[in-house]
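**Q** In terms of this note's numbering, the sequence shown opens at residue 359 and continues consecutively. Idealized CB from N, CA, C, for every residue including glycine. Sharing a structure here in structure tokens format.
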Amino acid sequence: GNRGMAWKALLSTTVKEMRIFLNSTQPGSEGVKNLIINHYPSLKMMNPSMQILIRDKADDNFEAVIEADYGKGINSTVNVNFMTEREVMELLKRFQKDGADLGLDHNEPIQDVLPHRLVDPN
Numbered sequence: 359g360n361r362g363m364a365w366k367a368l369l370s371t372t373v374k375e376m377r378i379f380l381n382s383t384q385p386g387s388e389g390v391k392n393l394i395i396n397h398y399p400s401l402k403m404m405n406p407s408m409q410i411l412i413r414d415k416a417d418d419n420f421e422a423v424i425e426a427d428y429g430k431g432i433n434s435t436v437n438v439n440f441m442t443e444r445e446v447m448e449l450l451k452r453f454q455k456d457g458a459d460l461g462l463d464h465n466e467p468i469q470d471v472l473p474h475r476l477v478d479p480n
């Protein structure tokens with residue numbers, strides 16, 4: 359059922375844009391390819407404000423990566439080569455949580471949220 363999937367609808371509250379780079383012909387991209395096939399429609403429907411860019415690369419040596427852009431200059435890039443579809447799903451869940459942990463609501467300026475990490479107190 360849909361228990362435990364509530365985070366999917368919250369993805370756009372912390373992630374502004376998600377960029378998925380893969381080579382759909384390569385075995386290393388299989389998991390992320392299946393995620394796109396099976397979950398892209400629902401992710402997009404639940405997060406209409408979040409940009410999802412998908413680029414299929416022709417380079418046979420290309421390793422699949424997903425970038426989460428939290429806005430305000432904060433990005434996270436993770437190599438998802440040879441990850442299973444489930445592992446990629448867990449990663450998206452982590453992106454959502456990490457953004458929430460950073461306090462990244464897109465309506466507030468980041469210096470109010472992260473004073474200790476960005477500013478040296480001395």
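Tell me the rounded alpha-carbon separation between Pro-406 and Ser-370.
**A** Translated into the one-based positions of the sequence shown, residue 406 becomes position 48. Translated into the one-based positions of the sequence shown, residue 370 becomes position 12. Pro-406 and Ser-370: Cα-Cα distance of roughly 8 Å.
**Q** Which residues bound the beta strand (DSSP E) around Gly-461?
**A** Counted from its first residue, the sequence shown places residue 461 at position 103. Where Gly-461 is concerned, there is no enclosing beta strand (DSSP E), given that its DSSP letter is neither H nor E.
**Q** Here's the rule: buried if 16 or more other CB atoms are within 10 angstroms of the residue's CB, otherwise exposed. What is Ser-387?
**A** Working through the sequence shown from its first residue, we reach residue 387 at position 29. Burial call: buried.
**Q** Could you tell me which residues DSSP pairs with Asn-437 in its beta bridges?
**A** Here the question's residue 437 lines up with position 79 in the sequence shown. Per DSSP, Val-423.
**Q** Please go through the same chain and pick out, in chain order, the residues whose beta-carbon is closer than 7 Å to the beta-carbon of Ser-382, but skip the five residues on each side of it.
**A** In the sequence shown, the residue the question calls residue 382 occupies position 24. Counting only Cβ-Cβ distances below 7 Å, and skipping sequence neighbours, we find Lys-391 and Asp-414.
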